[in-house]
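All the letters of the sequence shown, read from the start, carry residue numbers -6 to 413 under the numbering used here.
All residues carry an ideal CB built from backbone N, CA and C; glycine is no exception.
To start, the structure under review is shown below, and the notes come after it.
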Amino acid sequence: MNASLDIVIDDYLTRFLLRYFRNAVSVRVERPDLDADQDLDLLRLHWAISKPVRNLVAHLRENPLEIQAVLETRLREDDARVRGRFDARATAIRRMATGHPTLMVSHEPLRTYNSGPNHVLTWVLEQAWRLALRFDDLLPEVASYREALDACAPGLEAIRRFEVIHQAAKQLNLTRRPGPLAVKEASRSRRPIYTLACNAYRALQAIEAADEAAILDLLNDTLLGPLNLWQRFELAVGLGLARALSATLSTPVTLGFLGGGREPIARVGAHEIHWQSRTDLWRAPPREYSEAIVARLLKLYGLPEGSDRPDLVVIDREANEAVAIVEAKYFASGQHDGADALRAAIEQIVRYARGYREVSCLDGLLDHSIAALARVEAQRCPEPKPFGVPQTVDFNGIIGGKLEVWAGRLTTRHKLAAAS
């Protein structure tokens, strides 16, 4: 598989990468495939650890005195005392109205942080801090996103304790977003702290407006994914299964967080898609003769038996049974025709199927199972496909909609079974 196809795979599974909360590495995308409605909250979380916010936090921690107050006046009434500029006209009017002969009205000068640029600054800091807390709640301890979060969140927490930030937050209405005039004033400020805050705010606005360039910059700055390309290919196949079921059933896909638990990575109606998990439906099958010998020898060596598991399992929760086993085989060599990968996939599908069906009932499960290869040089699955033969598909077939044929056969079978 060439590098360009690797990028296509990463683009295809961007929605999973946003939810990949495990040990991970940086991933680059070119045309990310996202759902504007379901993924916006996660994009906001990524904004909280993005470069514009990091730049603002770093600058503010080094230059806390750069925050600027503005001078305003406040109208005061005192007895025989003038605070600031005396207002003779207002004093005369108030004396006649109140009958108080020594009342004084004055305009007292007052320093305040209630300004447009400070509104932008404090709103961005408050929003980034709250989003960082939400991100932290979602992440398991092993998530690599914690490194980026730990580099940003403590700084935000410390900045919120600055006296000037505390005063500004009390004087400003942070439940309301800064208006266009406030953003314009911040962008024209000669103080870098306000231009940095403006940049962070405008980046968030662009992300929320689904600006492709802004989202691409954000993802290539913060997005993480599995280290191994074969893991990404498996996830891409899982997403293809979910989309095929969604199109067939006219039911939306609900993606799960990939945090290391046994939860499904996707749900479509009653169907669940599990990745690298035997699921609760697996039962240890009777050992074959060779397997029993291997188990005995491993015990003599003091070694536990292996606990390999399917790449992907599709579960029908209404029937409470596994309805498909999927093995995904990634190979990078352009000289690889896929024969060895297909052979290994079929062997694994049959072996894993024994944990979900009696041997006499395997054909029904095998009929809806899939051997997904990175690339197929020649059509090896007989046409028409006989009953009990797993389907083969490559990545081009996945993005081309060939899995919808599989989804149609799968759902039709269960509708007929339910009707009978």
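Of the listed residues Arg236, Leu114 and His100, nearest to leucine 68 (C-alpha basis): His100
Same chain only: Cβ atoms within 7 Å of isoleucine 2, ignoring 5 sequence neighbours per side: Arg225, Phe226, Ala229 and Phe388
Neighbourhood of tyrosine 345 by C-beta distance below 6 Å, restricted to the same chain and skipping five residues each side: Pro303 and Ile318
Residues near leucine 291 by beta carbon distance below 8 Å, same chain, minus five either side: Pro297 and Glu298
Threonine 215 (DSSP reduced to helix, strand or coil): helix
CA-to-CA distance, asparagine 56 to alanine 29, given in whole angstroms: 37 Å
Where the beta strand (DSSP E) through proline 322 begins and ends: At residue 322 the sequence reads lysine, which differs from the proline that was named. It spans 314 to 322 - the beta strand (DSSP E) in which lysine 322 sits, taken as one unbroken run.
Cβ separation of cysteine 145 and arginine 15, assumed to be a contact under 8 Å, to the nearest whole Å: Cysteine 145 to arginine 15, Cβ: 20 Å. No contact.
Contact under 8 Å by Cβ, phenylalanine 324 with alanine 338: no
Same chain only: Cβ atoms within 6 Å of phenylalanine 155, ignoring 5 sequence neighbours per side: Pro57
Inter-residue Cα distance where the pair is proline 453 and tryptophan 268: There is no way to answer for residue 453, as the model of the chain reaches only from -6 to 413.
Among Phe128, Leu220 and Val20, nearest to phenylalanine 250 - alpha-carbon criterion: Phe128
For valine 343, the first and last residue of its enclosing alpha helix (DSSP H): 332 to 346
Contact set for glycine 233: own chain, Cβ-Cβ below 6 Å, skip 5 residues either direction: Ile391 and Leu396
Rounded straight-line distance, which links the Cα of glycine 357 to that of proline 377: 17 Å
Pair within 8 Å by beta-carbon distance, glutamate 320 and glutamine 341: yes
Helix, strand or coil at glutamine 31 [DSSP, three-state]: helix
Which of helix, strand or coil DSSP assigns to isoleucine 363: strand
Residues bridged to alanine 259 [DSSP beta-bridge criterion]: Leu248 and Ile266
Serine 99, DSSP secondary structure in three states: strand
Cβ pair count under 8 Å reaching 3, the stretch 101 to 117 against the stretch 8 to 23: no
Reduced DSSP secondary structure (H/G/I, E/B, other) of glutamate 150: helix
At least three beta-carbon pairs within less than 8 Å, the stretch 196 to 216 to the stretch 32 to 52: yes
Exposed unless 16 or more other CB atoms sit within 10 angstroms - verdict on glutamate 265: buried
Candidates Pro379, Thr404 and Ala51, of which the one nearest glycine 148 by Cα: Ala51
Own chain partners of leucine 403 with C-beta closer than 7 Å, once the 5 adjacent residues on each side are dropped: Val316, Ala317 and His361
Supposed contact pair alanine 73 and threonine 95 - C-beta distance, whole angstroms, cut 8 Å: 4 Å
Rounded separation between leucine 293 and glutamate 284 - CA only: 14 Å
First and last residue of the uninterrupted alpha helix (DSSP H) at aspartate 130: 109 to 131
Close-in-space but distant-in-sequence residues of the same chain around arginine 184 (CB under 7 Å, 5 per side omitted): Glu59 and Gln61
DSSP bridge partner residues for aspartate 72 (one or two, in chain order): Leu96
For isoleucine 308, the first and last residue of its enclosing beta strand (DSSP E): 305 to 309
Valine 230, DSSP secondary structure in three states: helix
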